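Numbering (UniProt numbering), first residue to last: 1 to 571.
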């Protein structure tokens, strides 16, 4: 599925609703990607803005409450060509699903329920009245958990009190006190910022039509204060600073997710309600607060350690359930370093977008540098990922047992609260697919280098199947999982889907099909049977890609017959 806007060509590909559930003619609603300052998904009703997803931050639309449905979506942006399009790739290829904009203007995901023999709905976006664009008017805020759902932002009052009392909030709100910088400007002062400050609102859907800046978080506030027309700002790691200079429209309070929104107010509004009694009370309870914080800090630290121990216990239980070389494996895992979250956050500049190397099914991967100068790659489990604790533990268990020059090296892991991360050696040339399928750099891979890459992958695969102490079936061998070091030597990575075979096992069955279609062997894709042959099949497809320089999906050619994937599958 591909929905996009191509400004330079004057072309837009959009999703249209049916007129009714029984009438497939064009209905009143349409969904498209709008190239605002930051691309957003927009639903229009009779060509009028009806719903907006919020800006795209590189992973998700930040203005949607339910982000689970966004797993698998990818936004491509080409500012030079003025091209913006949204595509979808199924993360679980065994699941059958499609997306629909229904006749009521709701964007719905439908999944096939084999047990019921029917399509079932999941993840509808439009669930509350707050999703209607501009429901509460300028400087109004919508909260579906409150009654009435609309109220004015702090420091504002209804523009039309009579209309608000009747439930008509479209007129919005206006300031009760002018900004200090506006008063200074009227008096001829050149200070430009006066005594204004910012009110922090948590878990918000940001207003419509922000301006964008690549400034880091701590500079957003100063930049906004310098400009008297700036009335609010927000920050997202994938976007940077966002500023608003006019009316704040379509502001919504979320119960989860969202970003922090900072509203500019005069200091008199920020200080309203405070008194000197607060200072006296604060002084009186300062000792109690310090003791409470100290006790809480100690408890959190103990809870964090208990959480780590629980994870390691689960990992060891999985190891011993394999019944293979128990003592030796246990020793190796005890020697595997545990990294603190703070250490990895510092190494990656707090997981800054500029440090991001790529995005996989597990989550984003960041480049980092430890205090001793060692470069690392940090794979961080995303909360929206289709993979979870099982795949995380599986990768720790499998790769901790392996040592080979053509397998990526695991330095350690981090388990703190909901954070789960794997720390690998840094591979400066990223993955093989970046070279194979990019016409601008694929000439770097001459035939000698391609042969060396093929040979290295073969050695790594042979080690997994025959030469290591344990027989490992990778189950997801593909170009993007082959990393290249500074000399373009290949290393197999991503063992989250791998399976350990016992000494007498040759094949196994599974009901959970994982991997990537096109690289899967027929017996695995259709019957769930996998063995060494499954990896060999994937290697054969990868071999064709390395030799031809083309993706397996492009091997089919009407003029020259069937080659590649279709021929291999016997179709």
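Where a beta carbon is used, it is the ideal one built from N, C-alpha and C, also for glycine. This one's a predicted model, so the numbers in the text were calculated from it and none came from an experiment.
Per-residue burial, residue 204 [other beta carbons within 10 Å of its own, 16 or more giving buried]: Burial call: buried.
Of the residues 63, 347, 356 and 44, which one's Cα is nearest the Cα of residue 14? It is 44.
Okay, do the segment 43-61 and the segment 98-108 touch, 3+ Cβ pairs below 8 Å being the bar? Taking 8 Å as the limit for Cβ pairs, the verdict is that the segment 98-108 does touch the segment 43-61.
Contact the segment 261-268 vs the segment 217-233: 3+ CB pairs below 8 Å: Flag = yes, the segment 261-268 and the segment 217-233 touch.
Which value, in whole angstroms, describes the spacing of the CA atoms of residue 252 and residue 375? Approximately 41 Å, taken between the alpha carbons.
Residues sharing a beta bridge with residue 369, DSSP: The partner list for residue 369 (beta bridge, DSSP) reads 375.
Tell me whether the segment 156-168 and the segment 213-233 touch, counting them as touching only if at least three CB pairs, one residue from each stretch, are closer than 8 Å. The segment 156-168 is not in contact with the segment 213-233.
May I have the straight-line CA-CA distance separating residue 351 from residue 418, to the nearest angstrom? Roughly 16 Å between the two C-alpha positions.
For residue 52, list the residues DSSP reports as bridge partners. Paired residues: 42.
Please state whether DSSP places residue 478 in a helix, a strand or coil. Three-state result, residue 478: coil.
Can you list, in chain order, the residues of its chain whose CB lies under 6 Å from that of residue 20, leaving out five sequence neighbours each side? Excluding positions up to five away in sequence, the list reads 103.
Do three or more CB pairs link the segment 134-152 to the segment 111-123 at distances below 8 Å? At 8 Å Cβ cutoff, the stretches do not touch.
Could you tell me the distance, in whole angstroms, from the CA atom of residue 222 to the CA atom of residue 268? C-alpha separation (whole angstroms): 20 Å.
Which same chain residues end up closer than 6 Å to residue 30 when comparing Cβ atoms and leaving out the 5 residues on each side of it in sequence? Take residue 30, set aside five residues on each side of it, and the residues of its chain with a beta-carbon closer than 6 Å to its own are 14, 16 and 44, in chain order.
Look at the Cβ atom of residue 344, then the Cβ atom of residue 242, and state whether they are nearer than 8 Å. Not a contact, by the Cβ cut-off of 8 Å.
What are the start and end residues of each continuous beta strand (DSSP E) run of 3 or more residues lying completely inside the segment 243-275, in chain order? Counting only runs of 3+ residues, the beta strand (DSSP E) found wholly inside the segment 243-275 occupies 251-253 and 259-266, in chain order.
So, with DSSP's three-state summary, where would you put residue 131? In the displayed model, residue 131 falls within a helix according to three-state DSSP.
So residue 197 and residue 177 are supposed to be a Cβ contact under 8 Å. How far apart are they, rounded? With a contact defined as Cβ atoms closer than 8 Å, residue 197 and residue 177 miss out at about 12 Å.
Exposed or buried, which one is residue 138 when buried takes at least 16 other CB atoms within 10 Å? The Cβ neighbour count for residue 138, taken over all protein chains shown within 10 Å, is at least 16; the residue is labelled buried.
In this structure, how does DSSP classify residue 3 when only helix, strand and coil are distinguished? Residue state, collapsed to three classes: strand.
Determine the direct distance from the alpha carbon of residue 110 to that of residue 63, and round the result to whole angstroms. Between residue 63 and residue 110, the C-alpha separation is close to 21 Å.
Range of the contiguous beta strand (DSSP E) that encloses residue 524: Counting along the chain, residue 524 sits inside no beta strand (DSSP E); it lies in the alpha helix (DSSP H) bounded by residues 522-527.
What does a CB cutoff of less than 6 Å around residue 25 pick up in its chain, not counting 5 residues either side in sequence? Within the same chain, residue 25 has close Cβ partners 19.
Nearest-angstrom Cβ-Cβ length linking residue 457 and residue 535, presumed shorter than 8 Å: Taking the Cβ atoms as the reference, residue 457 lies roughly 10 Å from residue 535, outside the contact range of under 8 Å.
Are the beta-carbon atoms of residue 484 and residue 410 separated by less than 8 Å? Contact: no.
Rounded to a whole number of angstroms, what is the C-alpha to C-alpha distance between residue 52 and residue 140? Rounded to the nearest angstrom, the gap between the Cα atoms of residue 52 and residue 140 is 16 Å.
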